Amino acid sequence: MMMIPEDDQLYLIQSKSNLLTGMAFGAYTLVSVYVGLEARAAGLGSLNTGLWVLSGLSGIVNASLALLLFPLVFTWLSRRFGAETLLAEVRSISALSLMPVILGTLLGTLGWVPLWAGVACVASTTVFAHGLSLANGTRFGAALKHTLAVWGVLLVSIVVLNGVFLAVRTVR
24 MMMIPEDDQL YLIQSKSNLL TGMAFGAYTL VSVYVGLEAR AAGLGSLNTG LWVLSGLSGI
84 VNASLALLLF PLVFTWLSRR FGAETLLAEV RSISALSLMP VILGTLLGTL GWVPLWAGVA
144 CVASTTVFAH GLSLANGTRF GAALKHTLAV WGVLLVSIVV LNGVFLAVRT VR
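Position in the sequence shown counted from 1, then plus 23, gives you this note's numbering.
Right under this line is the structure:
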């Protein structure tokens with residue numbers, strides 16, 4: 024099996040951030056619309072149009088979060104942990120790691136959604152950690168530990184913020 028040389032992979036990550044982000048954004052949005060079209064039912068009538076429009080809008084919002092907000096937060100947290108990651112590199116890596124998710128979503132429309140979701144999750148995490156190790160010049164294992172630590176902080180922060188908002192809402 025022919026592999027792309029690591030120098031070429033690093034060049035792609037470091038110099039093609041806008042191109043990769045734009046392509047991933049478009050692909051994610053189109054796949055979201057396709058999933059909405061795939062979910063159509065004859066009994067829904069005119070609600071089918073709303074379904075694919077809503078799926079397209081959710082694709083735009085999700086792609087924006089995954090390709091714009093997540094790289095900002097990840098870069099900020101990574102720098103707090105001592106990494107020297109650049110925002111453009113994290114955007115490129117996020118765009119590349121979204122490709123297994125897009126393929127898993129497309130394959131999920133054919134059936135076996137849990138299987139394809141699991142495979143896409145593992146592949147996406149592997150691509151992200153590999154890209155991060157190339158960008159930072161570290162070993163894959165160290166990049167994977169760093170990635171999981173930052174994701175853990177993000178998840179705990181989301182849970183804590185959710186609890187705070189629920190507590191404030193309950194007090195009112």
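For every residue, glycine included, the Cβ atom is placed at its ideal position computed from N, Cα and C.
Every value quoted in this text rests on a predicted model; they were computed, and no experiment measured them.
Kindly indicate which three-state DSSP category residue i falls into: helix, strand or coil?
i, result
"I181", "helix"
"G131", "helix"
"V187", "helix"
"I116", "helix"
"I27", "coil"
"G175", "helix"
"A204", "No answer is possible for residue 204: the residues shown for the chain start at 24 and end at 195."
"G105", "coil"
"R192", "helix"
"Q37", "helix"
Got a sec, what are the start and stop residues for the alpha helix (DSSP H) residue i sits in?
i, result
"L80", "L70 to S87"
"E208", "Lying before the first or after the last residue shown, residue 208 is absent from the chain, which here runs from 24 to 195."
"M141", "Sequence inspection shows Gly at residue 141; the Met mentioned does not correspond to that position. Run containing G141: V136 to N159, per the alpha helix (DSSP H) assignment."
Do residue i and residue j have their CB atoms nearer than 7 Å?
i, j, result
"I116", "F151", "yes"
"V19", "L100", "An answer regarding residue 19 cannot be provided, because it is not within the stretch 24 to 195 covered by the chain."
"G59", "L74", "yes"
"G79", "V56", "yes"
"A166", "L178", "no"
"T44", "L119", "no"
"L157", "L33", "yes"
"E112", "I36", "yes"
"S147", "P123", "yes"
"G160", "A143", "no"
"A47", "L92", "no"
"R114", "S40", "yes"
> Counting pairs of beta carbons, one from the segment 131-141 and one from the segment 40-52, are three or more of them closer than 8 Å?
Replying inline: no
>> Can you confirm whether the segment 137-146 touches the segment 102-114 when touching is taken to mean that 3 or more C-beta pairs between the two stretches lie within less than 8 Å?
In response: no
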